[in-house]
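Here is the structure we will look at, set down as structure tokens.
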Amino acid sequence: MILVTLGTQDKSFTRLLDTVQNAIDSGYIKEEVIVQAGYTTYTSKDMQIFDLISQEKLDELRNEASIIITHAGVGSILDSLKCNKIVIAMARLKKYHEHTNDHQLQILNNFYKDGYILKLDENQDLKEVLEEIKKFKPKKYKSNNKKFQKIITNYIDNLK
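Just so we're aligned: the sequence shown equals residues 14 to 173 in our numbering.
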């Protein structure tokens, strides 16, 4: 099963779902596709689409998925990486009114450059990225929380 997550952004992201639908129509995706669409309204005879689902259900679907295709939101990417999944991400773009700015491009490019995810550029065919999976070995995600906690603790201690 392939899980597609669009997060909870209040702007539509049909561009990503169109890309997935095209890959299904072309026969490149043969697996079941489940979509957490958030506020994106979309109709498909091939994808099972939910608006918003509980965190527990989303975690369950993430664990079952063979591939996760997502918007380039930090939370969606990190939650997927924590499940040790292959992640394909596409940035929401301001020019398509999918977000208020293009910060997701920076997020997408940084995770891609560091070897954590595969990226789907706006003019790229999903087939190309699905082919990359065959040779892609994602970098194992390692949290920096302890490092940040130490920095914050040291900062607070120095204020005293």
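Backbone N, C-alpha and C define an ideal beta-carbon position, used for all residues, glycine too. All values derive from a computational prediction rather than experimental measurement.
- Excluding residues up to 5 positions away in sequence, L19, G20, T21, Q22, D64 and L65 lie with their Cβ nearer than 7 Å to the Cβ of G51 in the same chain.
- When the five nearest sequence neighbours on each side are left out, the beta carbons in the same chain lying within less than 8 Å of the beta carbon of G88 are those of G20, in order along the chain.
- Under DSSP, the beta-bridge partners assigned to K132 are A102.
- Note that the C-beta distance between I120 and I101 is not below 8 Å.
- In the structure shown, H116 falls within a helical segment according to DSSP collapsed to helix, strand and coil.
- Pairing L29 with K163, the inter-Cα distance amounts to about 39 Å.
- Closest in C-alpha terms to K24, from the list A104, D59 and K43, comes A104.
- DSSP, reduced to helix, strand and coil, places T18 within a strand of the structure shown.
- Counting of Cβ neighbours within 10 angstroms places M14 among the exposed residues, the total staying below 16.
- With distances taken between CA atoms, Y41 lies nearest to L139 out of L139, L133 and K108.
- Using a Cβ distance threshold of 8 Å, L74 and I47 count as a contacting pair.
- By alpha-carbon distance to T113, the top candidate from L16, F26 and V17 is F26.
- Under DSSP, H84 takes part in a beta bridge, and its partners are M103.
- Residue burial is scored here from C-beta neighbours: K70 has fewer than 16 other C-beta atoms within 10 angstroms and is therefore classed as exposed.
- Residue range M60 to F63 is occupied by the beta strand (DSSP E) that includes I62.
- From the listed residues T54, H110, G128 and K132, the smallest Cα separation to L118 is found for K132.
- Counting other Cβ atoms within 10 Å of its Cβ, T53 reaches 16 or more and is therefore classed as buried.
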